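Numbering (this note's numbering), first residue to last: 166 to 465. Below you'll find the structure, written out as structure tokens, and then a few comments.
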């Protein structure tokens, strides 16, 4: 069986190396997300012959395996996933598959699968140029929101997160929770934000805070997925400041020099969030699938 373990800080450099080389644009395979969401999703990892194997656990057993990431032929690793599942007495269900991974899984194994699209788990990916420049008629409404914000709050400023203002990012997250009537002490995302800021340098995060005068009104941060793609993991704003999300999104995109794409992650099946993400004109909607084997042939 695989020697699965909870992702730890010591694992981050190796995880980062594998994810960057693999080249996926998906937000689920960057080192910061794997580490920060390990408790919420009960994810565990194993390094097997240079491949990263990630699985979601329930009742101490994996209920879903991700497609292994690494360089070279993953055939032996996928065979080992089926073996691991048999030994644990569970089905080798594959989750968070992209279209390409779905096809590769069938090609490698020769098995028949039933695939189900995971609505709400698709990633919305944008051109950095679009989010930072907001060109043309497609972004007319966004430019108007930002212009209104600038008029109403002329003393705004945007500052990168540093050791000197991390507490301001926490203040925004706390106020966001308060507005939503959420207890931050039991809210997993707030805990992840706190841990992210505590390990900001280790996780190689990059973020910023939007201020009106000296009041922090929005925060955002994320990390590199690969050299072309940046992942925005967190974004919180105080909606009493009209246009705050359009403004912080635009200002942050301007700082992501060198990245061609920005992944703004999934909509979680929330219709209002889906419409907000679509309004920024994604160039890729990265769909995800769950694959369940439905033939009865014995694995070798």
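Note that the Cβ used here is the ideal one computed from N, Cα and C, for glycine as well. Fair warning: this is a prediction, and the values are worked out from it, not measured in the lab.
Check whether residue 261 and residue 453 have beta carbons under 8 Å apart: Taking a C-beta distance under 8 Å as the contact criterion, residue 261 and residue 453 qualify as a contact pair.
Residue 403 to residue 322 span [Cα, whole Å]: Their backbone Cα atoms lie some 15 Å apart in a straight line.
First and last residue of the uninterrupted beta strand (DSSP E) at residue 296: Run containing residue 296: none in the beta strand (DSSP E); it sits in the alpha helix (DSSP H), 293-298.
Expected contact under 8 Å - CB spacing of residue 391 and residue 185 to nearest Å: 5 Å
Beta-carbon proximity of residue 290 to residue 411, cut-off 8 Å: no
Residues bridged to residue 278 [DSSP beta-bridge criterion]: In the DSSP assignment, residue 278 is bridged to 458.
Backbone secondary structure at residue 242 - three-state DSSP: Here residue 242 sits in helix by DSSP.
Sequence-distant residues of its chain with Cβ nearer than 6 Å to residue 357 (five each side left out): For residue 357, where only same-chain residues beyond five positions count, the Cβ hits under 6 Å are 201.
DSSP three-state assignment for residue 393, whether helix, strand or coil: In the three-state reduction of the DSSP assignment, residue 393 falls in the coil class, being assigned neither a helical nor a strand state.
Three-way DSSP call (helix, strand, coil) for residue 370 in this model: coil
Three-state class that DSSP yields for residue 322 in the structure shown: strand
Pair within 8 Å by beta-carbon distance, residue 448 and residue 292: yes
Buried or exposed by the 16-neighbour rule on C-beta atoms within 10 Å, applied to residue 422: Burial call: exposed.
Distance between residue 170 and residue 465 (C-alpha atoms, nearest Å): Because residue 465 carries a pLDDT of 42, less than 50, the predicted location of this residue cannot be relied on, and the following value inherits that uncertainty. In a straight line, the C-alpha of residue 465 is about 26 Å away from that of residue 170.
Buried/exposed call for residue 181, threshold 16 Cβ in 10 Å: buried
CB-CB length for residue 383 against residue 297, believed under 8 Å: Incorrect: roughly 16 Å between the Cβ atoms, too far for contact.
Those residues which DSSP pairs with residue 288 across a bridge: 451
Bridge-paired residues (DSSP) for residue 227: 222
Extent of the continuous alpha helix (DSSP H) to which residue 198 belongs: 196-201
Three or more C-beta pairs below 8 Å linking the segment 435-443 and the segment 251-267: No contact exists between the segment 435-443 and the segment 251-267.
Integer-rounded CB distance, given that residue 338 should sit under 8 Å from residue 355: About 6 Å; that satisfies the 8 Å criterion.
Coil, strand or helix - residue 401 by DSSP: strand
Presumed contact (8 Å Cβ cut-off) between residue 431 and residue 286, rounded CB distance: 5 Å
Within 8 Å, strictly: CB atoms of residue 395 and residue 374: No, the Cβ-Cβ distance between residue 395 and residue 374 is not below 8 Å.
DSSP state of residue 435 mapped onto helix, strand, coil: coil
Straight-line gap, residue 400 to residue 415 (C-alpha atoms, nearest Å): 12 Å
Same chain only: Cβ atoms within 7 Å of residue 359, ignoring 5 sequence neighbours per side: 335
Nearest-angstrom Cβ-Cβ length linking residue 172 and residue 210, presumed shorter than 8 Å: The beta-carbon separation of residue 172 and residue 210, rounded to 5 Å, stays under the 8 Å limit for a contact.
Unbroken stretches of the beta strand (DSSP E), 3 residues or longer, contained in the segment 331-387: 371-377
Status (buried if at least 16 other CB within 10 Å, exposed otherwise) for residue 189: buried
Residues sharing a beta bridge with residue 428, DSSP: Bridge partners of residue 428: 290 and 396.
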